[in-house]
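Student: In our numbering, the protein residues as written are 322 to 1035. Just so it is clear, CB atoms sit at the ideal spot from N, CA and C, and this is done for glycine as well.
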Ligand code: ADP
Ligand code: MG
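#1: Within the chosen definition, does the region 954-966 reach the region 1020-1035 through at least 3 CB pairs nearer than 8 Å?
#2: According to DSSP, what are the bridge partners of residue 391?
#3: What residue from 738, 551, 604 has the CA that sits closest to residue 501's CA?
#4: Starting from the C-beta of residue 995, find all residues in its chain whose C-beta is less than 6 Å away, skip the five residues before and the five after it, and write them out in chain order.
#5: Closer than 5 Å from C-beta to any heavy atom of ligand 2: which residues, in chain order?
#6: Are there any heavy atoms of ligand 1 lying less than 6 Å away from the beta-carbon of residue 885, as far as the coordinates show?
#7: When the Cα atoms are used, what is the spatial distance from residue 713 to residue 541?
#8: In the DSSP output, what is residue 1015 paired with across the bridge?
#9: Measuring CA to CA, which of 408, 1001, 957, 938 is closest to residue 1031?
#10: Let me check you understand the geometry: is the CB of residue 864 closer than 6 Å to at least one non-hydrogen atom of ligand 1?
#11: Would you tell me roughly how many angstroms separate the C-alpha atoms of residue 631 and residue 572, rounded to the nearest one?
#12: Do you know how far the Cα of residue 393 is from the Cα of residue 263?
#13: In its own chain, which residues sit with a C-beta less than 6 Å from the C-beta of residue 311, not counting the 5 before and 5 after it?
#14: Just grab the DSSP bridge partners of residue 402 for me.
#15: Could you give the distance in angstroms between the alpha-carbon of residue 579 and the alpha-carbon of residue 422?
#16: Look at the Cβ atom of residue 448, then the Cβ atom of residue 594, and state whether they are nearer than 7 Å.
#17: Residues in the same chain with beta-carbon distance under 7 Å from residue 929, minus the five sequence neighbours each way, listed in chain order, please.
#18: Could you tell me if the beta carbon of residue 939 falls within a distance shorter than 6 Å of some heavy atom in ligand 1?
#19: Counting along the chain, where does the alpha helix (DSSP H) carrying residue 953 start and finish?
#20: With C-beta atoms as the reference, is residue 1017 less than 7 Å away from residue 946?
#21: Is any non-hydrogen atom of ligand 4 found closer than 6 Å to the C-beta of residue 988, if you look at the structure I gave you?
#22: Quick one: what does DSSP say residue 984 is sitting in, helix, strand or coil?
#23: Do residue 1039 and residue 695 have their CB atoms nearer than 7 Å?
#24: Given this structure, state the Cα-to-Cα distance separating residue 932 from residue 791, to the nearest angstrom.
#25: With the cut-off set at 7 Å, would you say residue 629 and residue 582 are in Cβ contact?
#26: Nearest to residue 1107 by alpha carbon, out of 981, 859, 528, 732?
#27: Using 8 Å as the Cβ pair cut-off and three pairs as the minimum, do the region 973-984 and the region 993-1012 touch?
#28: If you draw a straight line from the alpha carbon of residue 723 to that of residue 733, how long is it in whole angstroms?
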């Protein structure tokens, strides 16, 4: 991209003249270095085999066609011959080969004694081998006065073979080197400040554009320093190989970094995705050039790097132009900055090609161009940042407006929501009120129904008692009349015996009594009295039994825990309901020996009553009769069980899941309250017991109640 060259102060000065003969004549004392042009001759040695002696003897020298010798890139060694005629008193001179990139430079000349002198330098040697410490190659030569001296120089390099030759004295070189170093110092200082400044901006703003810019800037600084030879002098003086290959790295380095910066800065991917992809072609090309250079294919590598410099510059200019037309403002800045640099490069190239005068102005064009470019790009970046900032502010304002709008909406929504909430709350409060009324009513109804259920069992009880007591009492009262009559007969017999007062008429009286006995059939009467008494006894006993049962059963409302034998409860319950059991239902009892357990006996009696009644009703519904089996047994040392089994109609699975629900009934209105099993559940729960139901629709039901022997007080 940047043709390898150095800049130095050169002035075409009247102090010398170049004549057609091919001689350069020094006529007056030199005040400045001067560039030797038009009187340089050369021989190309492609095989690098010719010796200095052979060259000096040769007559094959041809005139260099251009003002400044320029052989492009070549693997040949080039020999230059300069004839210098010194007409001044000064005999010690310095000759400069002003191209710091050359690999190997040799200088030959004859001293006063016609002795051939040889000195060598170039990037193939470490830097401290140089006679004079300067990026360019400066040799001491002796030019005896009033004499034509021939100086021979051989150069070979992988780098660009452009060979400006300058002649001067110690004084003029002192001036020129001083000026050159100062210029470089200014340039480097300026560039470093720009680098620092932009790095500082990057770390503050964190904008990717700046990052790519400082990378590009670093690449430019390294490259310029290296091209001017200062990098070899000051940074890596002991790495000749690095110096020799630097040209193969710099072009690609600057090319790729400038490309990456351009890509980022112009947003090429956004505006022209296809052209943006095209940039990759250059990256690949550059990398290829580097690889080729290291594989020793210098010519191809150099051709790629050099042609890419021009093509890529043009490509980026076109991109900037196209993107600028899309009203992307930074592109215009970019276009100006890039043009400034390219104008610098063009002027410089024209200068070295001899089309423009080869003077300090043209020589400074490239660094000046790059400095101007750097400044302009810096402006462009700042402008870009400003644009971004404005865009951001605009979008922030939009966001702010949107937020305000949102806030308004939210406030409105809140009002609506609050209204809705209060409406709902009132509705809920009303519903709640209604519900609590309903609940209250339900509770009252439930209490009534529970009472009704209790009344029902009491009613049944009363009926049972009436029926049961009536029977034995009838027994007793029916026996009393005949017993009275029997007793009267016997009393009559006794009276007759008492009327006997003496022994007279005894015989007669006894006969009479005997006849009476026969009349009343005393033996039969005696037997009948026994029978009647037994009947009365039986009636009285059964009455007593019923009364006991009634006593047991009437514990219905006891609320204290008592100890009781469950079998007694089962028996008394059965006694109570016996009369209600139809003829065709057989009751079988398997009552095992049970321990006394802690329980609420009255409540358990109600459990038995409810389950027995359900079983009887279930059998009755079958119409064909059946059996109710009631068993009690000890399950383990903690629990007893009561099983109530019937072969009645059984339950459907649906019924089974619902039987404990209060008011659930499958029976007709008036037949069942649906509370029986829910009461059973409550009571068994309060006994810390368990209810298991085994049922099959159409076949029967078995309900097993498990009760603990001891209640744990909670
Ligand atoms: P009710 O007897 O007043 O209907 P319950 O709570 O005592 O109320 O019983 C609820 C329901 O459970 C009964 O309607 C009946 O369908 C069913 N049920 C209870 N025990 C039995 C049983 N042994 N056999 C068949 N069904 C039964
Ligand atoms: Mg019932």
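Tutor: Per the coordinate set shown:
#1: yes
#2: Along the chain shown, one-based indexing puts residue 391 at 70. Per DSSP, 483.
#3: Taking the chain shown and counting its residues from 1, the one referred to as residue 501 is at position 180. Residue 501 has its Cα closest to that of 551, out of 738, 551, 604.
#4: In the chain shown, counting from the first residue as 1, residue 995 sits at position 674. Once the five neighbours on either side are set aside, the close Cβ partners of residue 995 are 984, 985, 986.
#5: 935, 997
#6: The sequence position of residue 885 within the chain shown is 564, counting from 1. False, no ligand heavy atom lies under 6 Å from that Cβ.
#7: Walking along the chain shown from the start, residue 713 turns up at place 392. Walking along the chain shown from the start, residue 541 turns up at place 220. The straight-line gap from Cα to Cα measures roughly 32 Å.
#8: Counted from its first residue, the chain shown places residue 1015 at position 694. Answer is 1023.
#9: For this step, residue 1031 is matched to residue 710 along the chain shown. When each option's Cα is compared against that of residue 1031, the closest is 957.
#10: On the chain shown, position 543 is the one that residue 864 refers to. Not under cutoff, so the answer is no.
#11: The count along the chain shown starts at 1 and reaches residue 631 at position 310. The count along the chain shown starts at 1 and reaches residue 572 at position 251. Looking at the two C-alpha atoms, the distance is approximately 11 Å.
#12: Residue 263 falls outside the range modelled here, since the chain spans only 322 to 1035, and no answer is possible.
#13: Nothing can be reported for residue 311, as the shown portion of the chain is limited to 322 through 1035.
#14: Looking up residue 402 in the chain shown gives position 81. Answer by DSSP bridge pairing, in chain order: 362, 473.
#15: Translated into the one-based positions of the chain shown, residue 579 becomes position 258. Translated into the one-based positions of the chain shown, residue 422 becomes position 101. Approximately 23 Å between the Cα atoms of the pair.
#16: Start at 1 with the first residue of the chain shown, and residue 448 comes out as number 127. Start at 1 with the first residue of the chain shown, and residue 594 comes out as number 273. Here residue 448 is not near residue 594, since their CB atoms are 7 Å or more apart.
#17: Here the question's residue 929 lines up with position 608 in the chain shown. So the list reads 890, 891, 894, once near-sequence residues are dropped.
#18: What you label residue 939 is simply residue 618 of the chain shown in a count that begins at 1. Yes, since a heavy atom of ligand 1 falls inside the 6 Å radius drawn around the Cβ of residue 939.
#19: Taking the chain shown and counting its residues from 1, the one referred to as residue 953 is at position 632. Note, residue 953: premise wrong, no alpha helix (DSSP H); beta strand (DSSP E) at 947-955.
#20: Position 696 of the chain shown holds residue 1017. Position 625 of the chain shown holds residue 946. Not a contact, by the Cβ cut-off of 7 Å.
#21: Because ligand 4 does not appear in the structure shown, any question about it cannot be addressed here, the ligands present being ligand 1 and ligand 2.
#22: Counting from 1 along the chain shown, the entry for residue 984 is found at position 663. Residue 984: coil per DSSP, three-state reduction.
#23: Only positions 322 to 1035 of the chain appear in this structure, which leaves residue 1039 out of reach.
#24: Your numbering for residue 932 matches position 611 in the chain shown. Your numbering for residue 791 matches position 470 in the chain shown. Between residue 932 and residue 791, the C-alpha separation is close to 27 Å.
#25: Position 308 of the chain shown, counted from the start, is the residue given in the question as residue 629. Position 261 of the chain shown, counted from the start, is the residue given in the question as residue 582. Against a cut-off of 7 Å, the Cβ pair of residue 582 and residue 629 comes out as no contact.
#26: This structure gives no information on residue 1107, because the portion of the chain shown stretches from 322 to 1035.
#27: In the pairwise beta carbon analysis, the region 973-984 is classified as touching the region 993-1012: at least three pairs are separated by under 8 Å.
#28: Within the chain shown, the letter at position 402 stands for residue 723. Within the chain shown, the letter at position 412 stands for residue 733. For residue 723 and residue 733, the distance between alpha carbons rounds to 15 Å.
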